[in-house]
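Here the structure comes first, spelled out in structure tokens, and everything after it is commentary.
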Ligand code: UD1
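Numbering (my numbering), first residue to last: 597 to 934.
Pasting the structure below:
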């Protein structure tokens, strides 16, 4: 019998894996469901009336991100534990694999933790998924795979060139996705995300993405720090675009997309200096940023060629950079997360 659990947040918080003893079947599994991107994908699936199971270990995900997701069946657990992977895959048709330890600098400090969370956990999940008969895994790849090769825009035909432990780990799991599609026939799709930003991105960690950090600081009237000269550029991608790409990737015909890698981005880039100016204007911050030495493992420029996602998924961005900035600032302004 198919049954989807619906739980209130107060109950969610107390559920541990050991306590899940019943037959529960959801169509979709979102890993890292309490994280920024996992949370956003889950919210959209629920909005569409889909049944969703989420898993998170709360290392970087937040319990507060589960507010509003009460219709999700939630399991607290760590995917680096194979029994957790086996459990969460049961009965699922499609997985959105967002769980990771994001951050280049975090991986420089602790490459082993990054490997465990991004490589071991992904392999265990994939293996459990194929054994459980999961049809498709949509994987959160990273633009960091391209490294600092001067070619712009970055297209999927380029040789990967990871220059940080984080990039190497995300790339390793991406290779597993391709191998599992070839060897076991499980459908896998990798979306290489380019600097995703938007509501629910954690601004409080030393490893937070730059957009979240800038929003928090500028709204508090604090001076942000730019590492390097600020002329490094990124294809900053508003969260709705990435959610959109994920849902397209879940629904696209297997013969078109399985085993494939594609960029999920906007196809435009801006510098950090420009980003700071735009945010300062929206927020009304009058000061200047501080400048500090460039970060180890940082790349200079990043810009995606999104033609493959256009061709294979029918993807194109639905929210542009300026609108994304406005929505993001609004959210931080109105939330207690800053
Ligand atoms: C990288 C990956 C991205 C991945 C992310 C996970 C690339 C192009 N992108 O992003 O796919 O999802 O890691 O964390 O490799 N910065 C400041 N001041 C701050 C914080 C950051 O100047 O307070 C600078 C950084 O030095 C960097 C830029 O802002 O030059 C962006 O940093 P960040 O948001 O951490 O993302 P990436 O490292 O580019």
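Glycine included, every Cβ here is placed at the ideal spot set by N, Cα and C. Only a predicted model underlies this, so the values are computations on that prediction, with no experimental measurement involved.
{"query": "Contact under 8 Å by Cβ, residue 693 with residue 660", "result": "no"}
{"query": "Completely contained beta strand (DSSP E) runs for the region 753 to 800, where each covers 3 or more residues", "result": "783 to 789"}
{"query": "Under the three-state DSSP convention, the category residue 864 falls into", "result": "coil"}
{"query": "Counted within 10 angstroms of its Cβ, other Cβ atoms place residue 930 as buried (16 or more) or exposed", "result": "exposed"}
{"query": "Check: residue 828 C-beta below 7 Å from any heavy atom of the ligand UD1", "result": "yes"}
{"query": "Counted within 10 angstroms of its Cβ, other Cβ atoms place residue 645 as buried (16 or more) or exposed", "result": "exposed"}
{"query": "Backbone CA spacing between residue 878 and residue 925 [nearest angstrom]", "result": "8 Å"}
{"query": "Presumed contact (8 Å Cβ cut-off) between residue 577 and residue 676, rounded CB distance", "result": "Since the first and last residues shown for the chain are 597 and 934, residue 577 lies out of range."}
{"query": "The ligand UD1 heavy atom lying under 7 Å from the CB of residue 726", "result": "no"}
{"query": "Beta bridge counterpart(s) of residue 751 as assigned by DSSP", "result": "Per DSSP, none; premise fails for residue 751."}
{"query": "Cβ neighbour criterion (16 or more within 10 Å) applied to residue 1016", "result": "The question about residue 1016 has no answer here: the residues shown for the chain are numbered 597 through 934."}
{"query": "Boundaries of the beta strand (DSSP E) in which residue 697 is found, first to last residue", "result": "Looking at the DSSP string, residue 697 is not in any beta strand (DSSP E), and its letter there is neither H nor E."}
{"query": "Start-to-end residues for the beta strand (DSSP E) that takes in residue 670", "result": "669 to 672"}
{"query": "Heavy atom of the ligand UD1 within 7 Å of residue 859 beta-carbon", "result": "no"}
{"query": "Other residues of its chain near residue 582: CB distance less than 7 Å, five sequence neighbours each side excluded", "result": "For residue 582 there is no data in the structure shown, the boundaries of the chain being 597 and 934."}
{"query": "Residue 700 CB to nearest heavy atom of the ligand UD1 below 7 Å", "result": "yes"}
{"query": "First through last residue of the beta strand (DSSP E) which encompasses residue 712", "result": "Counting along the chain, residue 712 falls outside any beta strand (DSSP E), and DSSP gives it neither H nor E."}
{"query": "Reference residue 834, options 870, 797, 868 and 793, closest by Cα", "result": "793"}
{"query": "Rounded straight-line distance, which links the Cα of residue 684 to that of residue 617", "result": "With a pLDDT of only 46 at residue 617, under the threshold of 50, the placement of this residue in the model should not be trusted; the figure read from the coordinates follows. Taking the straight line from one Cα to the other gives about 12 Å."}
{"query": "Close Cβ partners of residue 642 (< 8 Å) along its chain, the five nearest in sequence each way excluded", "result": "648, 665, 667 and 668"}
{"query": "Endpoints, the alpha helix (DSSP H) within which residue 920 is located", "result": "917 to 930"}
{"query": "Among 805, 679 and 652, nearest to residue 894 - alpha-carbon criterion", "result": "805"}
{"query": "First and last residue of the uninterrupted alpha helix (DSSP H) at residue 660", "result": "Premise fails: residue 660 is in no alpha helix (DSSP H) and is neither H nor E."}
{"query": "At least 3 beta-carbon pairs within less than 8 Å: the region 687 to 704 vs the region 745 to 752", "result": "no"}
{"query": "Near the ligand UD1: residue 733 beta-carbon under 7 Å from a heavy atom", "result": "no"}
{"query": "Distance cut-off 7 Å: residue 869 Cβ against heavy atoms of the ligand UD1", "result": "no"}
{"query": "Near the ligand UD1: residue 789 beta-carbon under 7 Å from a heavy atom", "result": "yes"}
{"query": "Under the three-state DSSP convention, the category residue 745 falls into", "result": "coil"}
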